[in-house]
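K.L.:
Below is the structure I would like to discuss, written out as structure tokens.
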Amino acid sequence: MLHIYFGDVVGEVYNPSSYFINQYEDEWITDDLSKEMIRDVDRSDVVSARVIDSPVLGAITPRELSGGVKTLILMAFDESGRVFNGSACGDNCAKWILKIAETKELTIALHNIMDFGKGPFQIHVLNTDKVVTDGLSYVTEAVQLV
Amino acid sequence: MKGAHQVVIENKRLRYDFTIHRNITVIRGNSATGKTTLIGMLSLYQQDGEASGVRLSCDKACVVINSVRWQENLAVIRDSIVFIDEDDHFVKSQEFAEAIQASDNYYVIITRDRLPSLPYSVTEIYGIRVSGKYAGLKQVYNEFYRIYGNTADAEKADICVTEDSNSGYQFLKYALAEHSSEMTCVSASGKSNIPAKILALKDRHPLVFADGAAFGPEMERVDRLREQGFHLLLFLPESFEWLILKSALINEGEVSRILEQPEDFIESREYFSWERFFTDLLRRKTNRTYLHYDKAEINPAYLQDSVSSQIVAEFPEKVKKLLGIYEKK
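Have a look at this one:
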């Protein structure tokens, strides 16, 4: 399930890009989930663990992936238990956050109101301990917390 | 700093071309649109100039700062456009708001955070989009686009919500009564309370009057409510004072010139937001006249038919219609 805390979290990784650069593992990049997320969000193809083909930037390393994709990969594979700043992701990452949270308990911090669409989904708002299942109830909670 | 400043920055693969109009610009939007790449190119140029392979064209210095010693760095940066990437938490601090309030720089801040301490305009929130290849070369051309466009899309309104109970609210309340409108007017007691007010009016159709010049921090929350089916209309002129100035009550060439191109007259060091400038301008222009302006309490002269109708004339037709206010001939 996806657990969201709106606002600053003690120990939160506010800058996931920096954390990613220093902590990512080659296997994370070549995992099918990462390949799909990189193709969808960054419109780039993973050639190998250390080479990604970007239509704009040319051959890049995982360090040059977008901040959003780096954060998604951390959410999917990092096992440190850290809470990542979900607001490093744009709305085009929202569906992937929901997908990652289908297979694990994922806790993120948000500093804006990410657009998760109309639903249905299962989001646990930690500030109020409410589980919301559609866009209206999610936004109704979020506007009072951001 | 005053004025609008075009920034063109490019390398062999990418070109960004945009114009900064006022002291605070916020860039947000989807991931992978090139926000951090823009900061990266500016950083390289800052470090090595043209030898970096990046070309920059702007009539002002473009500077990137990050969280390392940001206060010390800001203290020595003058008359520049300062860029800040989204990874830098300090932009949320009160210290940052205070530091930039007293500086003569413009700031371009990449963030999805709300930044309630900064009075940025709804019109200065941008995303970045690709607008095609530049000049037929293999260079991707990126431009800024306004995230919040037309806000007048509701077909019905049955209650007015203003951000506070100052002159604008008092004027509106009077105008509604004067025109026998059935609409009531309530204050949200602060612009940050407007989303909560909209929630509380769930089954109503509120028309929100607020100062667009400083409404940026509230815009995402209001927009999300609208996306989820809340029926609301936003009327976001720069400010109530701007409406009065625009109404030609103060028939001066200088005022017309200012309103035509405000950025050429508003010094960022003196005015944190344009709303404050327009309030000050109106006060100065009406000082010692029967129209002397007091923001806290409306001068009864503004409620006279001949005066109020000139202000109402500046409301968009759609807003007047929804309010049930018609210009008196």
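Protein chains in written order, with the numbering used here: chain R, 1 to 146; chain P, 1 to 329. Even for Gly, the Cβ is constructed at its ideal location relative to N, Cα and C.
So, at 6 Å on beta carbons, what are the nonlocal neighbours of W96 of chain R in its own chain, with the 5 sequence-adjacent residues on each side left out?
P.N.:
M37, L72
K.L.:
Is the Cβ of D158 of chain P closer than 8 Å to any Cβ of chain R?
P.N.:
no
K.L.:
Since Q6 of chain P sits in a beta bridge, which residues does DSSP pair it with?
P.N.:
P:T19
K.L.:
Using CA atoms only, rank isn't needed, just tell me which of P:H5, P:P119, P:D113, P:K318 is closest to G29 of chain P.
P.N.:
P:D113
K.L.:
Would you say N22 of chain R lies against chain P (beta-carbon separation less than 8 Å)?
P.N.:
Interface residue (Cβ-Cβ distance to chain P less than 8 Å): N22 of chain R is not classified as such.
K.L.:
Distance check for K156 of chain P and D17 of chain P, CA to CA, integer angstroms please.
P.N.:
39 Å
K.L.:
At the level of alpha carbons, what is the spacing between L201 of chain P and N193 of chain P?
P.N.:
12 Å
K.L.:
Closer than 8 Å, Cβ to any Cβ of chain P: which residues of the stretch 120-146 of chain R, in chain order?
P.N.:
If the cut-off is 8 Å between Cβ atoms, the stretch 120-146 of chain R has G135, L136, V139, T140, A142, V143, Q144, V146 near chain P.
K.L.:
Run through the DSSP bridge pairs and tell me what N142 of chain P is partnered with.
P.N.:
P:Y16, P:V130
K.L.:
For R284 of chain P, would you say it is in contact with chain R, using Cβ-to-Cβ distances shorter than 8 Å as the test?
P.N.:
no
K.L.:
Expressed to the nearest angstrom, what Euclidean distance is found between the alpha-carbon atoms of P262 of chain P and S18 of chain R?
P.N.:
P262 of chain P and S18 of chain R: Cα-Cα distance of roughly 40 Å.
K.L.:
Would you please verify whether the beta carbon of T25 of chain P is less than 8 Å from any beta carbon of chain R?
P.N.:
no
K.L.:
How many angstroms separate the CA atom of I20 of chain P from the CA atom of I128 of chain P?
P.N.:
13 Å
K.L.:
Out of curiosity, what's the CA-to-CA distance linking R39 of chain R and A102 of chain P?
P.N.:
44 Å
K.L.:
From what residue to what residue does the alpha helix (DSSP H) around A332 of chain P run?
P.N.:
Any answer about residue 332 of chain P is impossible in this case: the structure gives chain P only from 1 up to 329.
K.L.:
Please classify V143 of chain R: does DSSP put it in a helix, a strand, or coil?
P.N.:
coil
K.L.:
I need the straight-line Cα distance from F171 of chain P to L145 of chain R, nearest angstrom please.
P.N.:
32 Å
K.L.:
Quick check on G229 of chain P - is its C-beta less than 8 Å from some C-beta in chain R?
P.N.:
yes
K.L.:
Where does A51 of chain P fall in DSSP's three states?
P.N.:
Helix, per DSSP.
K.L.:
Along chain R, in chain order, which residues have C-beta atoms closer than 7 Å to that of G29 of chain P?
P.N.:
G90
K.L.:
Quick one: which residues of the stretch 102-124 of chain P get their C-beta closer than 7 Å to a C-beta of chain R? List them in chain order.
P.N.:
Within the stretch 102-124 of chain P, the residues whose Cβ lies closer than 7 Å to any Cβ of chain R are, in chain order, R112, D113, R114.
K.L.:
In whole angstroms, give me the CA-to-CA distance for A135 of chain P and V222 of chain P.
P.N.:
With a pLDDT of 45 at A135 of chain P, under the threshold of 50, the modelled position of that residue is not reliable, and the figure given next carries that caveat. Answer to the nearest angstrom: the Cα atoms are 39 Å apart.
K.L.:
Could you give the C-beta distance for I77 of chain P and V91 of chain P, rounded to a whole number, given that I count them as a contact under 8 Å?
P.N.:
Actually they do not touch by this definition, with Cβ atoms about 15 Å apart.
K.L.:
Flag A32 of chain P as yes if its beta-carbon sits less than 8 Å from any beta-carbon of chain R, otherwise no.
P.N.:
yes
K.L.:
Can you find the residues in the same chain that come closer than 8 Å, C-beta to C-beta, to V13 of chain R, ignoring five residues on each side of it along the sequence?
P.N.:
Correct list, in chain order: Y19, L74, R82, V83, F84, N85.
K.L.:
Give the secondary structure of D53 of chain R by DSSP, where H, G and I count as helix, E and B as strand, and everything else as coil.
P.N.:
strand
K.L.:
Short of 7 Å in beta carbon distance, which residues of its chain neighbour N11 of chain P, apart from the five on each side in sequence? Order them along the chain.
P.N.:
M41, G53, V54
K.L.:
Apart from the five residues just before and just after Q6 of chain P, which ones in its own chain have a Cβ nearer than 6 Å to its Cβ?
P.N.:
T19
K.L.:
Of the choices P:H89, P:E275, P:G168, P:H179, whose alpha-carbon is the least far from that of M322 of chain P?
P.N.:
Reading the sequence as shown, one finds Leu at residue 322 of chain P and not Met. With distances taken between Cα atoms, L322 of chain P lies closest to P:H179.
K.L.:
Inspect the CB distances between the stretch 116-127 of chain R and the stretch 60-74 of chain P and report whether three or more fall short of 8 Å.
P.N.:
Short answer: they don't touch.
K.L.:
With a threshold of 6 Å on Cβ separation, who are the neighbours of L225 of chain P within its own chain once the five nearest residues in sequence on each side are excluded?
P.N.:
I198
K.L.:
Is the separation between the beta-carbon of L245 of chain P and that of L281 of chain P shorter than 8 Å?
P.N.:
yes
K.L.:
Give me whichever residues DSSP pairs with L124 of chain R in a beta bridge.
P.N.:
For clarity, residue 124 of chain R is His in the given sequence; the question names Leu instead. According to DSSP, H124 of chain R bridges with R:H3, R:V131.
K.L.:
Could you name the residues of the same chain whose beta carbon sits closer than 6 Å to that of T184 of chain P, not counting the 5 residues immediately before and after it, in chain order?
P.N.:
I159
K.L.:
Indicate whether at least one CB of chain R lies closer than 8 Å to the CB of E220 of chain P.
P.N.:
yes
K.L.:
Any beta carbon from chain R within less than 8 Å of P262 of chain P's own beta carbon?
P.N.:
With 8 Å as the cut-off, P262 of chain P does not count as an interface residue toward chain R.
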